[in-house]
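A short write-up of the structure that comes next.
In our numbering, the protein residues as written are 313 to 664.
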């Protein structure tokens, strides 16, 4: 009998996992292997990418985090057991991290990332920094499990979720082909926002102070200095940006920012902000007279996740270039250190 069949028949009762017991207490431990949930699936992990939010949860916690927890929400693996009736043992799948009821008002509107009974894999449900991942029925019923096409590696599929967050933010801003997008920050999310905006036929303007992050796919890249307003106006022929995307909490949210928006422009608060920062003052008349909109974007919906994998499989976006480091589960802390200190864009755990 193959090893995959051994696990599918529940002969193995424990597994290796990275367990976060409290802030800064992350241990590689033997834990009880999860059972396949009723209506759900059990997945043998092939790849789990490290997100800066994983680093934040390790160091400081997070509003949705419940200890003890196996982190990891950018996941791809192989099904070893299926109780949903929708998949087959051996299917390679990418998993949307949300767990939704499918019945509340938010779910009925397609806003399943806002489900009032929301669960999140790697936050308040155990995630992918482990040999096995149990995916509950609340994920499967929202079509949160996507079979990975043959032309997409599991490592590439693990980057579906961060790309989906960018697609969701664009949907929140009603981004259309031919519009201009001003993106603050050229980290992984900023670059994915730029790539996906260009893929939609938009003009992408990126604001980034670090010289090593300026050689990216964008219409223009500028420093966040005193000339930024004039530079943005020059690139947009004096109109300003149709969409302003804040992919870093370091961007100043003020009236100067609003002044760079075109009439009818949309400003997206994409990155979580530091609650200890002083309150921000905005010129409400700019919002009034220019008919500006300010929207938030948190995570991604199941539909944007599916869309993201389709974009990767269609080769509209090459996510391979973002994977700059690979580590085993035993060396997870080395990967976390590389992400935390900005030595790499993405690091993927690919040995469990």
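Note that CB positions come from ideal geometry on N, CA and C, so glycine has one too.
Where does the unbroken beta strand (DSSP E) through residue 401 begin, and where does it stop? It is not in any beta strand (DSSP E) - residue 401 carries neither H nor E in the DSSP assignment.
What is the C-beta distance between residue 621 and residue 425, in whole angstroms, given that I count them as a contact (C-beta under 8 Å)? Not quite, the Cβ-Cβ distance comes to about 16 Å (not below 8 Å), so this is no contact.
Just to confirm my understanding: we take residue 500, look at its own chain, exclude 5 residues before and 5 after, and list those with CB closer than 7 Å. What are they? 474, 634, 657, 658
Of the listed residues 549, 594, 491, nearest to residue 564 (C-alpha basis): 594
Of all the options 518, 554, 504, which has the alpha carbon lying nearest to the alpha carbon of residue 537? 518
List the whole-angstrom C-beta distance separating residue 570 from residue 540, where the pair is believed to meet the contact cut-off of C-beta under 8 Å. Not really, about 13 Å apart at Cβ, beyond 8 Å.
Whose C-alpha, out of 618, 430, 464, 531, is nearest the C-alpha of residue 516? 531
Select from 390, 414, 351, 435 the residue whose C-alpha is nearest the C-alpha of residue 664. 390
Just list the residues that DSSP pairs residue 515 with in beta bridges. 492
Backbone secondary structure at residue 610 - three-state DSSP: coil
Are residue 478 and residue 445 touching if we call contact CB-CB under 9 Å? no
For a minimum of 3 consecutive residues, which ranges assigned as the beta strand (DSSP E) are wholly contained in the segment 342 to 405? 353 to 361, 386 to 394
So that I know if they touch, is there some Cβ in chain B lying closer than 9 Å to that of residue 378? Any reference to chain B falls outside this structure, which holds one protein chain only.
Would you mind working out which of 401, 342, 335, 393 sits nearest residue 369, comparing C-alpha positions? 335
Where residue 654 falls: helix, strand or coil (DSSP): coil
Can you round the beta-carbon distance between residue 661 and residue 360 to whole angstroms, since I take them to be within the 8 Å contact cut? 5 Å
Where the alpha helix (DSSP H) through residue 525 begins and ends: No alpha helix (DSSP H) contains residue 525, which DSSP labels as neither H nor E.
Whole-number beta carbon distance between residue 561 and residue 576, since they are thought to touch under 8 Å: So it is not a contact: roughly 26 Å between Cβ atoms.
Taking the DSSP output, what are the residues bridged to residue 458? 406
Quick one: residues in its chain with C-beta nearer than 8 Å to the C-beta of residue 629, no 5 flanking neighbours on either side, listed in chain order? 475, 504, 507, 508, 511, 623
How do the segment 480 to 493 and the segment 640 to 657 stand: do at least 3 beta-carbon pairs fall below 8 Å, yes or no? no
To the nearest angstrom, how far is the alpha carbon of residue 551 from that of residue 339? 52 Å
For the ligand SAH, I want to know if residue 638 counts as a neighbour, meaning its beta carbon is within less than 8 Å of at least one of the ligand's heavy atoms. No copy of the ligand SAH appears in this structure; indeed no ligand is present at all.
Taking residue 493 as the reference, which of 535, 572, 456 has the closest Cα? 572
Could you tell me which uninterrupted beta strand (DSSP E) segments, each at least 3 residues in length, are contained entirely in the segment 621 to 646, listed from first to last along the chain? 635 to 640
Select from 588, 589, 542, 547 the residue whose C-alpha is nearest the C-alpha of residue 568. 542
Return the CA-CA distance between residue 412 and residue 461, expressed in angstroms with no decimal places. 25 Å
Take the Cβ of residue 428 as the centre, count every other Cβ of all protein chains shown within 10 Å, and call the residue buried at 16 or more, exposed below. exposed
Pair within 9 Å by beta-carbon distance, residue 442 and residue 384: yes
From the DSSP output, which residues share a beta bridge with residue 433? 437
The segment 386 to 404 touching the segment 413 to 423, judged by at least three CB pairs closer than 8 Å: no
Go ahead and label residue 587 buried or exposed: buried means 16 or more other beta carbons lie within 10 angstroms of its beta carbon, across all protein chains shown. exposed
Residue 489, buried or exposed, once every other Cβ within 10 Å from all chains shown has been counted against 16: exposed
Quick one: using the 10 Å Cβ neighbour count with 16 as the cut-off for buried, is residue 472 buried or exposed? buried
Presumed contact (8 Å Cβ cut-off) between residue 614 and residue 455, rounded CB distance: 6 Å
Excluding sequence positions up to five away, which residues of its chain have a Cβ less than 7 Å from the Cβ of residue 521? 535, 536
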